[in-house]
Structure formats: C-alpha cells, structure tokens
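Undergrad: The sequence shown begins at 528 in the numbering used here and counts up by one. Quick reminder that beta carbons are idealized off the backbone N, C-alpha and C, glycines included. Bear in mind the structure is a predicted one, so any value in this text is a computation, not a measurement. The structure under discussion is supplied below as structure tokens; questions concerning it will follow.
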Amino acid sequence: MNLDTASLRQLRSALDTGETSAVGLAGAFLDRIAASELNAFIDVQPELTLAQAREADARRARGERGPLLGIPVAHKDIFVTRGWRSTAGSRMLEHYVSPFDAAVVERLAVAGAVCLGKTNCDEFAMGGANENSFFGPVRNPWDRSAIAGGSSGGAAAAVAAGLAPLATGTDTGGSVRQPAAMCGITGVKPTYGRVSRHGMIAFASSLDQGGAMARSAEDCAALLTAMAGFDPRDSTSVDQPAEDFSRDLDRPLDGLRIGVPREFMGEGLADDVRAAVERGLDALRGLGASIVDISLPKTELAIPAYYVIAPAEASSNLSRFDGVRYGHRAAQYADLNDMYRRTRAEGFGAEVKRRILIGTYVLSHGYYDAYYLQAQKLRRLIADDFRAAFGSVDLIAGPVSPTVAWNLGERTDDPVRNYLADVYTLPASLAGLPGLSMPAGFGEHGRPVGLQLVGRWFEEARLLNVAHRFQQATDWHLKVPA
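Put into structure tokens, the structure is as follows:
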C-alpha cells in the first residue's frame, strides 16, 4: 500500500483484512514525520499516539467498526489536545499542555481516530503563508522554497507529503482553503457554527470555523461527518441534525448551475491560475453542469471589512494572555503593569501585535462607529450579494488565491500584499458560507492551483458531491510531490 496516495477507503480495507493494524499504520506515519524536513509538526508524542492505536486495535478486536476507527489524523495546533502541547504557534503558549480536549479532538477520539500530533500554523491562526509561526515557517512539499499557505499550512503540507492521511484545520478568512490550494489537496470549511469552537484557541470568534483536510473530497466528507455536530458548550454552535456528508457523493451533476463571479476572474488574477481554473470549469461543464456568469459587486469590500472585524475580535480574545494565569511570563519586571507589557511584548509575534493594535484602535472610543460598526454593515451587504446570486445558481466557483504559492520571505515586509491574497476567500467567511478548495492543476514553477466552490448555508454535502464527481473525472488530487 502506497501511503503517499492511500485513500481512507484503502486504509480502512487494510485494517479490515489484517494487512496492517492501527499500531502498524500509526508507526509508519510516525516514521515519515520523523524523516520529514517540512517543519509541518510542532509536537509529536509517539508514545501517546501508539497508546491510542493500541486502544483502536482493541476496539476492532471486540468487533467495533467505523469509518475512522484506527485511522491516523493530525490536529492543527489551534485545537487544545490533552497530552500534547497546544501552542497556537506562539511563544505565548510554547510550553502549554491543555488539561482537556477540544470538541473536535474529543469527537474524533470517540470515532477511534489516532492522533499523530499537532501541526504547525501561523501564530493564533493569523496569516496566509504560515511564516508567522514562532516555530518557523512550513515548507511546501511541492517546492521547499515556497510557502505552504496559511494559517493551516502544517496540516496541508502534512497531507500533501503523505505524513498524515487526514488533518483538521481552521478557517477564519480562508485558512483551510488557501493552504489546501497551495499544497494540492482538498480542504473544506463548513458553514459557520457547524463545527464546535469549544477548545479552539480563539482568533476571531464570529469567523473561526473548524474544517477538514484530506487528499480527496470523499475523505473530507468522512472526516467532516465525525467533526460536525451541535455542542451546548459553544454558544455559536448551530443546533442542526447530524448529517452524513458522504450521502450524495455520487449524485450526477446534470442541470447543476455553477455561478462564476466576474469579480473573481478579472484584474489581479495571475494568468497561470486563470488557465487552471478555466480548465476546471470546463471539466465541470463536461460533467453536465452549466457555467453562469454572475456578479458579487461587494467583493472588493471584503478585505477592508475583514481587516477591521477580525483584528477587533482578536484584540478582545487575546487580552487573556497576560502572564497571570498560564502561558509565557516575562522573567523580570518592576510591577504588575510592567509584567503585562513585557510579557505581551515577548510572547506575541509581529503580526499578532499588528492586529491587536489595529483591533484596539477600531474599538476605541470615537472610532467604534466609524470603523467597526461600518465594517459589520459591509458584512451584511456581502452576505446579501450571495443571497441574490443563489437565486439564479446552485453554487459558486472560482479561484482560491490570485497566485500560486509565493517564495518564502518574499512578502514578509509587505503585510498588505499578504492581506490582498485573501480576496477570493474572505467573502464566504464573512457571510458564514461553506467553501471548498480542490486541486485543479499546476501553475508557475509547477506549484498547485486550487478551484474554489462556495455553497448555500448548510449545503456542504452538495459541495463535496461536486468535488467528488470532479475528482472522479480528473486526477489532480492523486498527484504527489517528488
């Protein structure tokens, strides 16, 4: 069995037939992680992983079966995990070990998944390149001189490089979809509220949402099915009936109307990305879908709205990291206020400080109405654009990022240029819509290109169906880095 391309179905078959065991499978992936130079993982605890694998084998021996029982999974280091460090990619939490599991970790453990470790991410999930991590940047397995995308870059690189068959991520403004696109894998961000945020280290509470990452849409569907569900511990969790997101995977695409916003295909989109996206749309047309020209006129407002709302919420959420209760504390200080200042100056990286400062400013007296309140009004207008568009189409397609992955260090001195790379993913996040990225070819320097799908609220199954049919007709998701 080739672990580079092994699907969840193949791994499950190998366990069912006795070709391997959960312990053998976990050990094989741990060996790959140990040999990797991608910096995709922050914390690996082989003894804990193998203990979970032995328990999965015992459950199988008792006759239990399940889609994820004995299957290895990697968790983005934004989900607190008992026994592993839970750092959020920050010096502030460098040595923090949580006494409890996040809801996502908890649900996957109940399903029998075996945790391989914690994957690297931008500090507190703030970034689109995975260069903001205190533990160093993640390298793209397709080209180690390139970024892996962020903030779930460690998870995306791990799946693309065959270090893990499945991984969890979080998406605030595109942090599942963008690294999935840049690493050539499939990533899905569900409707806001689908996946519990309990135990997810908060960045922007009205935007953060857990997501699933795997090589294929079929595997993402199984992972998301286990992750999603109502959680009374999370006030933003939506009380929706449990769903099997695999139920409609083989549904034909005949008659499906796919809208392509002209704002997504215009100025600013690189030619190599445009060519790959257009080929992907042609493939969907060949499967029976019709491609419809539409407009999302408020697209250009997504960046200013997001970069007011998200920093404002970050300023509030990160105020808890003060050196008093847990996490980093400055070694020397004169008094309590000096301890706060020194702790936060030492514990947070440059991008986190930048967003805290912006967020504090827009929430301050005299500026709240001028900035934060106006940004929330723009957010509603962006959601209204989608409502209008879904009156004539079933889902929306387009690029994930304006370019393929750029070189490490290329944009570290130009944060605004980094922010502009989120232009195609932010609108769906602001509207709380489900979005998916699937591999659709390669661009400049042989770096992957993703095709984005955005659906109506709570129609993740439809997105996964379209992606699965696309992947049955193409083989981009089966390509692996050398």
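For Asn667, name the three-state secondary structure that DSSP assigns.
TA: Position 140 of the sequence shown, counting from 1, holds the residue named residue 667. Here Asn667 sits in strand by DSSP.
Undergrad: By DSSP's criteria, Asn934 is part of a beta bridge. Which residues make up the other side?
TA: If you number the sequence shown from 1, residue 934 lands on position 407. DSSP output for Asn934 lists Ala673 as bridge partner(s).
Undergrad: Buried or exposed for Ala708, going by 16 or more other Cβ atoms inside 10 Å?
TA: Taking the sequence shown and counting its residues from 1, the one referred to as residue 708 is at position 181. Around the beta carbon of Ala708, 16 or more other beta carbons lie within 10 angstroms, which makes this residue buried.
Undergrad: Tell me, which residues are paired with Ala741 by DSSP?
TA: By 1-based counting over the sequence shown, the position of residue 741 is 214. For Ala741, which the question treats as bridged, DSSP gives the partners Leu693 and Thr713.
Undergrad: What did DSSP end up calling Lys880 once you bin it into helix, strand or coil?
TA: Reading the sequence shown from its first residue, position 353 is the one you call residue 880. DSSP places Lys880 in helix when its eight states are reduced to three.
Undergrad: Between which two residues does the alpha helix (DSSP H) containing Ile836 stretch?
TA: As a first step, residue 836 is located in the sequence shown; it is residue number 309 there, counting from the start. That run of the alpha helix (DSSP H) goes Ala829 to Asn844.
Undergrad: Where does the unbroken alpha helix (DSSP H) through Val632 begin, and where does it stop?
TA: The residue you call residue 632 lines up with position 105 of the sequence shown. Ala630 to Val637 is the extent of the alpha helix (DSSP H) around Val632.
Undergrad: Under 8 Å Cβ to Cβ from Pro942, same chain only, skipping five residues before and after it: list those, please.
TA: Sequence index remark: in the sequence shown, residue 942 carries index 415 (1-based). Counting only Cβ-Cβ distances below 8 Å, and skipping sequence neighbours, we find Glu878 and Arg881.
Undergrad: Please name the residue in Arg742, Cys648 and Gly982 whose C-alpha comes closest to that of Ile785.
TA: Along the sequence shown, one-based indexing puts residue 785 at 258. Between Ile785 and the set Arg742, Cys648 and Gly982, the nearest pair of CA atoms involves Gly982.
Undergrad: Based on Cα-Cα distance, which residue from Glu794, Pro626 and Val835 lies nearest to Ser928?
TA: Counting from 1 along the sequence shown, the entry for residue 928 is found at position 401. Of Glu794, Pro626 and Val835, the residue nearest in Cα terms is Glu794.
Undergrad: Can you list, in chain order, the residues of its chain with a C-beta nearer than 8 Å to that of Tyr899? Leave out the 5 residues immediately preceding and following it.
TA: What you label residue 899 is simply residue 372 of the sequence shown in a count that begins at 1. These residues qualify, in order along the chain: Val835, Ile836, Ala839, Val889 and Leu890.
Undergrad: Threshold first: 3 residues or longer. Then list the beta strand (DSSP E) segments lying entirely within the segment 895 to 967, N to C.
TA: 922 to 926
Undergrad: When the Cα atoms are used, what is the spatial distance from Ser822 to Met727?
TA: Position 295 of the sequence shown, counted from the first residue, corresponds to residue 822. Position 200 of the sequence shown, counted from the first residue, corresponds to residue 727. Each residue's Cα considered, the two are about 35 Å apart.
Undergrad: Helix, strand or coil, according to DSSP, for Ser822 in the structure here?
TA: Stepping through the sequence shown from its first residue, residue 822 is reached at position 295. The answer is coil: DSSP assigns Ser822 none of H, G, I, E or B.
Undergrad: By the DSSP assignment, the beta strand (DSSP E) with Pro599 in it spans what residues?
TA: Within the sequence shown, the letter at position 72 stands for residue 599. Element bounds for Pro599: Pro599 to Lys603.
Undergrad: Check each candidate in Leu990, Arg724, Ala948 and Asp949 and name the one with the smallest Cα separation from Met965.
TA: Taking the first residue of the sequence shown as 1, we reach residue 965 at position 438. Among Leu990, Arg724, Ala948 and Asp949, the Cα nearest to that of Met965 belongs to Leu990.
Undergrad: So, are the CB atoms of Thr952 and Gly959 less than 8 Å apart?
TA: Against the sequence shown, residue 952 aligns to sequence position 425. Against the sequence shown, residue 959 aligns to sequence position 432. Against a cut-off of 8 Å, the Cβ pair of Gly959 and Thr952 comes out as no contact.
Undergrad: Mind checking which residues open and close the alpha helix (DSSP H) that includes Gly681?
TA: Here the question's residue 681 lines up with position 154 in the sequence shown. It spans Gly680 to Ala687 - the alpha helix (DSSP H) in which Gly681 sits, taken as one unbroken run.
Undergrad: Between the Cα of Gly644 and the Cα atoms of Gly554, Gly720, Ala675 and Val715, which residue gives the shortest distance?
TA: Indexing the sequence shown from 1 puts residue 644 at position 117. With distances taken between Cα atoms, Gly644 lies closest to Gly554.
Undergrad: Going by Cα to Cα distance, which pick from Arg592, Ala841, Ser842 and Asp865 is closest to Arg850?
TA: Taking the sequence shown and counting its residues from 1, the one referred to as residue 850 is at position 323. Arg is not the amino acid found at residue 850; the sequence shown has Gly there. Looking at the Cα atoms, Asp865 is the closest of the given residues.
Undergrad: Can you tell me whether DSSP reads Gly644 as helix, strand or coil?
TA: Taking the sequence shown and counting its residues from 1, the one referred to as residue 644 is at position 117. The answer is strand: DSSP assigns Gly644 an E or B state.
Undergrad: For Gly973, which option in Gly893, Leu535, Asp798 and Trp669 has the closest C-alpha, if you only look at C-alpha atoms?
TA: Position 446 of the sequence shown holds residue 973. The candidate whose alpha carbon is nearest that of Gly973 is Trp669.
Undergrad: With C-beta atoms as the reference, is Val804 less than 8 Å away from Leu935?
TA: Taking the first residue of the sequence shown as position 1, residue 804 is located at position 277. Taking the first residue of the sequence shown as position 1, residue 935 is located at position 408. For Val804 and Leu935, no; Cβs fall outside 8 Å.
Undergrad: Can you check which of these residues, Asp604, Ser672 and Asn657, is closest to Val631 by C-alpha distance?
TA: Here residue 631 refers to the residue found at position 104 of the sequence shown. The shortest Cα separation from Val631 among Asp604, Ser672 and Asn657 belongs to Asp604.
Undergrad: Kindly confirm or deny that the segment 903 to 912 and the segment 763 to 770 touch, where touching means at least three C-beta pairs closer than 8 Å.
TA: Three or more Cβ pairs closer than 8 Å define a contact, and the segment 903 to 912 falls short of that threshold against the segment 763 to 770.
Undergrad: Just the Cα atoms here: how many angstroms apart are Thr718 and Ile923?
TA: Position 191 of the sequence shown holds residue 718. Position 396 of the sequence shown holds residue 923. Their Cα atoms are separated by approximately 15 Å.
Undergrad: Give the DSSP bridge partners of Arg974, in chain order.
TA: Against the sequence shown, residue 974 aligns to sequence position 447. DSSP, once it has assigned bridges, lists no residue as partnering Arg974.
Undergrad: Nearest CA to the CA of Gly720: which residue from Leu535, Ser956 and Tyr946?
TA: Stepping through the sequence shown from its first residue, residue 720 is reached at position 193. Of the candidates Leu535, Ser956 and Tyr946, the one whose C-alpha sits nearest the C-alpha of Gly720 is Ser956.
Undergrad: For Arg536, which three-state DSSP category applies?
TA: As a first step, residue 536 is located in the sequence shown; it is residue number 9 there, counting from the start. Of the three classes helix, strand and coil, the one that applies to Arg536 here is helix, per DSSP.
Undergrad: Ends of the beta strand (DSSP E) at Val804?
TA: Locating residue 804 in the sequence shown gives position 277, where the first residue counts as 1. Val804 -> not in any beta strand (DSSP E); alpha helix (DSSP H) instead, spanning Asp798 to Gly813.
Undergrad: Is the beta carbon of Ala685 closer than 8 Å to that of Asn1020?
TA: Lying before the first or after the last residue shown, residue 1020 is absent from the chain, which here runs from 528 to 1009.
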